[in-house]
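Since the structure comes first, as structure tokens, the remarks are kept for the end.
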Amino acid sequence: MGLTLLGTKLGMTRVFDEKGVSVPVTVIEVGPCVVTQVKTEETDGYTAVQIGYGDMKPRNSTMPMIGHDGKARTGPKRHHREFRVGKDDLGRYQVGQELKVDLLMPFAYVDVAGISKGKGFQGTMKRHNFKGMAASHGTERKHRSPGSIGSRASNRGTGTLKRGIRMAGHMGHVRVTTRSLDVVKIIPERNLLLVKGSVPGPVTGVVEVRNATRLFKSKSVKQAEKLKAAG
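Take the sequence shown: its position 207, counting from 1, is numbered 198 in my numbering, and each next residue is one higher.
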């Protein structure tokens, strides 16, 4: 996993490119994040970096977390995330180091992960895009019914329904990752990142932003060119 930063989704707007085309963008306030712990193979068995984001009052935190974040000479943080790094890259991070959005400037694409909006208990038409029953001609109070959930033969021997049967249930509020979003603009002085398209979660939701790890060939070429230009 590459560089990961935490941020807050501020909402969507639009910008115009050099050709005057309207581009829908999501505005994310990325960081500043603080390195709260650096893990090594000697002490922890693997190499990783833990970062903290979002200030909170000490009275709302716990003594262990106050002491943990205090080692980084910072106040208690509301959110903590850990991401793996290789041995060669571990030396780039020190406890107490501040990570800002300008670290993403060499990248043309990023992945954004967050918790999607919760929709509560939903039926199969909304949750799984079922077609539903006929809207007329004898259908009585079954218009949004899922219909059959399997014959006795298809579930024989299990004593119950097989796993994976699509039915009504809780929808949303799960971790979702949107991959390979175009970086439209970065405003370092305001810690703002503008990416093309939508990102998971509600406004004010906390998201993880990292350099894109899965790219199509055309996007890989553009990413390599930008990294080369950044030196």
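Heads up, the beta-carbon is just placed ideally off N, CA and C, and yes, glycines get one too.
Computed from a prediction, not measured in an experiment: that's the story for all the values here.
Looking at the strands, I want to know which residues DSSP matches up with residue i.
i, result
"residue 120", "Per DSSP, none; premise fails for residue 120."
"residue 125", "DSSP, once it has assigned bridges, lists no residue as partnering residue 125."
"residue 140", "According to DSSP, which records beta bridges pairwise, residue 140 is partnered with nothing at all."
"residue 71", "43"
"residue 171", "BP columns for residue 171 are empty, so no partner."
"residue 187", "16"
"residue 166", "106"
Comparing C-alpha positions only, which one of the options sits nearest to residue i?
i, options, result
"residue 183", "126, 98 and 92", "92"
"residue 178", "14, 9, 22 and 28", "22"
"residue 29", "48, 18, 41 and -6", "41"
"residue 196", "102, 132 and 108", "108"
"residue 139", "2, 158 and 154", "158"
"residue 137", "119, 127, 176 and 128", "119"
"residue 59", "87, 13 and 18", "87"
"residue 95", "126, 48, 65 and 185", "185"
Alpha helix (DSSP H) containing residue i: first to last residue?
i, result
"residue 55", "54 to 61"
"residue 80", "78 to 81"
What is the C-beta distance between residue i and residue j, in whole angstroms, given that I count them as a contact (C-beta under 8 Å)?
i, j, result
"residue 199", "residue 123", "No, residue 199 and residue 123 are not in contact; Cβ-Cβ is about 37 Å, not under 8 Å."
"residue -5", "residue 74", "4 Å"
"residue 170", "residue 201", "The pair is not a contact, with the Cβ atoms about 10 Å apart (cut-off 8 Å)."
From which residue to which residue does the beta strand (DSSP E) around residue i run?
i, result
"residue 131", "Where residue 131 is concerned, there is no enclosing beta strand (DSSP E), given that its DSSP letter is neither H nor E."
"residue -4", "-5 to 7"
"residue 34", "Per DSSP, residue 34 belongs to no beta strand (DSSP E); it is in the alpha helix (DSSP H), 32 to 35."
"residue 104", "100 to 106"
"residue 156", "Counting along the chain, residue 156 falls outside any beta strand (DSSP E), and DSSP gives it neither H nor E."
"residue 111", "111 to 113"
"residue 202", "197 to 202"
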